[in-house]
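Protein chains in written order, with my numbering: chain A, 1 to 577; chain B, 1001 to 1928.
Glycine included, every Cβ here is placed at the ideal spot set by N, Cα and C.
Below is one structure, written out as structure tokens, with a few remarks after it.
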């Protein structure tokens, strides 16, 4: 022990110089110093020299000094995670995690039980997520090399991140625990906001890339620090230390003589890191903590986009997301559309009861629906929701009528989604056929006057929020008839399907969802015309009607008047050329 | 048949009796006296005739009758009666003449072929054969008569008819053969032997002109020949004179032939000849006369070999021309209408088409899509969709843009220059090298003035450079315009040509280029014009970037562009399509990059506007589907739907596009939701301040982003009396980067824009009046106008707005009144399949009532085949039977012959043997 202390003494001065050089401006110097210190500390650490002494007796000035410099070093490395230079961030991350490994292995072997040096890791996590310069290099390094590979790192990261975020939110506004909608209120503390924002962005960017979340307990088998299963620990330790083996078996309270029994016992007491449920718990905690943070529109959308595929399946209790999703669903606009997917998963797989679901769905069909980016995603779901044949006719008719109304202002790629959808709905609900075919006899019978040949006013009420009261079933789909004369020939032909016999099988909506102006344009221009295109036969006299005399303004006016009267200006009256 | 009873023998007897061949009245029964007394002539022949006649009468034994089981009245069935014996006989006869002959000549090579007429034709009787042969012989002789007919024609000798010469007057032919001694007398020798004729001639001459001496005769001959010579000379001189005259008049004749307006195009050889002539005239040097003559001869030969000129159409009268024009226009209009409905313009018969369509749909399986797909990938003609267009591409685009940003402006400039090169290389492969140099020069000297971050479709190229050049040219003196120009293949060349040309005369230059390189003049001209068209278009697009836009110039050029498109439609289509594809790519790129930086207006530039406008004038915009117009419309709609409306400039651009689209749809009246959306959004944005407080209160269902544009809100307009039309020159100058955008930031402009928007809305409302959902389409507009605080406007404006509003409401009311609930499903009900047999009125068993035509046809063919096959088998059987018969007969003949011979031999032998035996017996008994 004393030798070691001497050694420490000797090295003390060198450590201090090296530590000083960490303050250097030049990244190169810092880099070298960093590795030098790493090499110096590794043997010490693996021997357990730098541990917090358990007994006061062992206190030694030199050891304390070494320990201080070690702590200083680690702190410095954590700060470097926040450095602008990725060349420093990445090595410091590597060093930190190596140190973590060495330390934890030492502690495991020394204590005999599985030990993860979480204090150390907590600081790393903090350094990572509370980071202003969290760039791609660091992110990919961390995610690809460590986080997605090792189950223990992921586990503790989620745990720590949840803790950090909760601390941050509570310190910022301890009482405010509402979801993302309340973000507008948080305007006071800029700095805090900044921090929360960093936390949010960084954590999300890491969580977003989660690929190795286990779905079965047997999948948990990769560890950064040795495997925590007692048997394995036993095997490892049995070679080295007999006593520890005993200790552990004592701790387990099992009888080492009976292997089977100890096995069953150990199964009862599997360490949390090996349990799937605990993994899921930390995952849920972390996400729930994250969702409480204020977030930008884009991240919000991104979260909702991955919600049903990446988050809900791994949640311990997916219903915990209900509040969040409901709130998002009510938010309106694109967010609602995106929340629908997650909500649907909850309803479908987790038995969530959602009252007035169809009413809300109906109200999502607003003026901007056909123009937003996520419409195809939305309509995939709508197709699913409306595929039931047990829906009331009034409801279906309302949906159909609303869609056809929206098609009047839609871009062509929107109309192309709506028409097959309406066709499928009418096919599925033949009682909606009156929307496109209302013969005279039926009319006169129902409208007991017989005089109402023409409906002067559309009976459908667009602004009525309840689809059951919109009176759509009494209306007709004039909009579709109008669209039969759409400027794009494909759309016009598609709209003509309502005039044909209804004997086609339902359209596969997938064929129509992913179109944009660009794809439609490409389809139009990529076709090679089979014959020479038709040409106009009226020779134009002008590009724009313009009077020839430029000198005299009055003359121009007179001439303009003349042009107007002579109908030459027809079509271009609003301009003056 | 006289009697049906009795045996055959009895019947025969009775028949013969009746015919008086036997029995009473017959010749044999007559006494010799009677015979001698009466009718000596009808004896043997008479009986023979009678017998022949009886023979020909139908023998009931030969008649075979098939008994019909159910006799139907009025029905004729073939083959109930037949004479098999006769038929067999005929068949055998026929075979004897064909098959057996063939068999006999089998394995035999050579021999005589009887080519006499009708020798191998069994149908002809001998008499007929002879007659025909005689006729032919006659005919042959007759046809020969013209050529070597010695009998009919007069033969001549020394011009004298031979018939006139009495052969028998010849001294050498003495008729007294009796006294022929075998010695030729002196006379004969003198006259007939060698040289005898000469003496004879002399004798003749002497006998005619006995007084003329030899010298006299010779003199006469000489004088005669001299006179002939003189005459020939005279003729020659006369010919030469005429020739010269003709040569001198050749120009005039040429003028006569090559009338420029008559539509008669001189043949190329003629033209060459004329050209040659004129050249030689012009030079006036006669150094190579022989050469010239040779050339002339050559041309004459060529002319002789030339194809003949055909009579041209006669010149039509004015009425006829007008009528033709009218008919042509009507025909084009009909074709246009058909295209508008999406039908094939060529096929006149509408019903045929429909029938065809119906048939295909019937033939297909139930999941037949009514849009016939070209390939399976292309669902419903909509293209592949975004799924195949990788997100990667989008990302890439984004990446590109970000990198652009990082790189900074310098790179942008370079990129721009690269784009120029690309552009040129696209345009014209041949001239790419020149352009390289040209644009390289630019790199050093010019600063690109157009926006540098995108490759615009117009030519940002050397525009400044060129503009400078142009400026110089304007200052130059006005000089006479040249009459011939080369056909430019690049824009640079064209600009070089136009260097000294005033704007007013550009169209003249273009006209001359087009005339000089008219497509009919030469085959290469098509290629030249195909290159010239893009140049002209590029020139126009280049010029419109100037300030002010030379609209007058373009107005004059558009007619030429139109005509050029008519001449080279394919390449023009390619040009326009490639232009709009570039425009679309630029727009998409800009839309993706818009999130990253606040870029300039995304609406099309002036040159893009002009391109779209010319495009819509050159191609028919009313077609249901058109390879150029449809994508162009889609592009315009995309501009309207996706470009953010952020200032007055954007608004004017949008209104211009709306106006353009409106103009395109005047005939076909198709729905353009994007244009209406844009106009309504404009109405909302232009609303006077305080009209709309929140987004929720805005009527209609057109898309709306969540914020207003403050620069567009009308602030205070009470002081503005009247709105002007929007000023295009102002707009273009701002678009071309020479104006201040602030001209669009005042209330006068906003008011003008508002009025323009309302006017366009009104126009659209009028256009879409017939469509059933027109009230739904325009309800938002009238509601928005309703919410306008009219007090804020001056009275004149107020009246105008109110009138437009009234129009809109009236139109809506009409459309609501006239519309009825939809009845789209009036189809004939599909009948249920029935199992009741179908009864045919006036059924006839002979007719075929198979409803399935194909099946009936097939059955018929099968029956025919069966029949033919049976017949063939029967024939073959008969053939083989005949052959066997023949063979047996031959063998029998041979056998009998053999037997006969053997018998005779045996007879001889026997008799010999008998004789021998008798001799021996006699010998034995000792007689001898």
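Please decide whether residue i counts as near chain A, where near means a Cβ-Cβ distance under 9 Å.
i	result
residue 1775/B	yes
residue 1593/B	no
residue 1299/B	no
residue 1735/B	no
residue 1485/B	no
residue 1507/B	no
residue 1293/B	no
residue 1499/B	no
Taking only beta-carbon positions, decide if residue i is within less than 9 Å of chain B.
i	result
residue 403/A	no
residue 476/A	yes
residue 147/A	no
residue 457/A	yes
residue 429/A	no
residue 28/A	no
residue 335/A	no
residue 296/A	no
Please state whether DSSP places residue i in a helix, a strand or coil.
i	result
residue 1082/B	strand
residue 1064/B	strand
residue 502/A	coil
residue 535/A	coil
residue 1895/B	helix
residue 314/A	helix
residue 1688/B	strand
residue 576/A	strand
residue 283/A	helix
residue 1774/B	helix
Just reading off the alpha helix (DSSP H) that residue i is part of, what are its end residues?
i	result
residue 525/A	517-526
residue 1823/B	Per DSSP, residue 1823/B belongs to no alpha helix (DSSP H) and is neither H nor E.
residue 1501/B	Taken as a continuous stretch (DSSP letters only), residue 1501/B belongs to no alpha helix (DSSP H), as it is neither H nor E.
residue 360/A	357-364
residue 1015/B	1008-1018
residue 147/A	First-last for residue 147/A: undefined, no H or E at that position.
residue 342/A	333-350
residue 422/A	412-428
Does the beta-carbon of residue i have 16 or more other beta-carbons within 10 angstroms, so that it is buried, or is it exposed?
i	result
residue 1070/B	exposed
residue 1463/B	Only weak support is given to the placement of residue 1463/B: the predicted model assigns it a pLDDT of 42, under 50, and the value that follows is read from those uncertain coordinates. Residue 1463/B comes out buried.
residue 1311/B	exposed
residue 1617/B	buried
residue 383/A	buried
residue 543/A	buried
residue 637/A	The question about residue 637/A has no answer, for chain A in this structure spans 1 to 577.
residue 1057/B	exposed
For residue i, would you say it is in contact with chain E, using Cβ-to-Cβ distances shorter than 9 Å as the test?
i	result
residue 524/A	This model lacks chain E altogether; the protein chains it does include are A and B.
Below 8 Å, how does it come out for the stretch 1646-1665 of chain B and the stretch 1677-1691 of chain B: are there three or more Cβ pairs, yes or no? Yes, they touch.
Decide yes or no for the touch test of the stretch 522-542 of chain A against the stretch 1329-1341 of chain B: beta carbon pairs closer than 8 Å, at least 3 of them. Contact between the stretch 522-542 of chain A and the stretch 1329-1341 of chain B is present, because at least three Cβ pairs lie under 8 Å.
Check whether the stretch 1605-1613 of chain B touches the stretch 1537-1545 of chain B, taking contact to mean three or more Cβ pairs, one atom from each stretch, closer than 8 Å. Segment contact: the stretch 1605-1613 of chain B against the stretch 1537-1545 of chain B, three or more CB-CB distances shorter than 8 Å; contact assigned.
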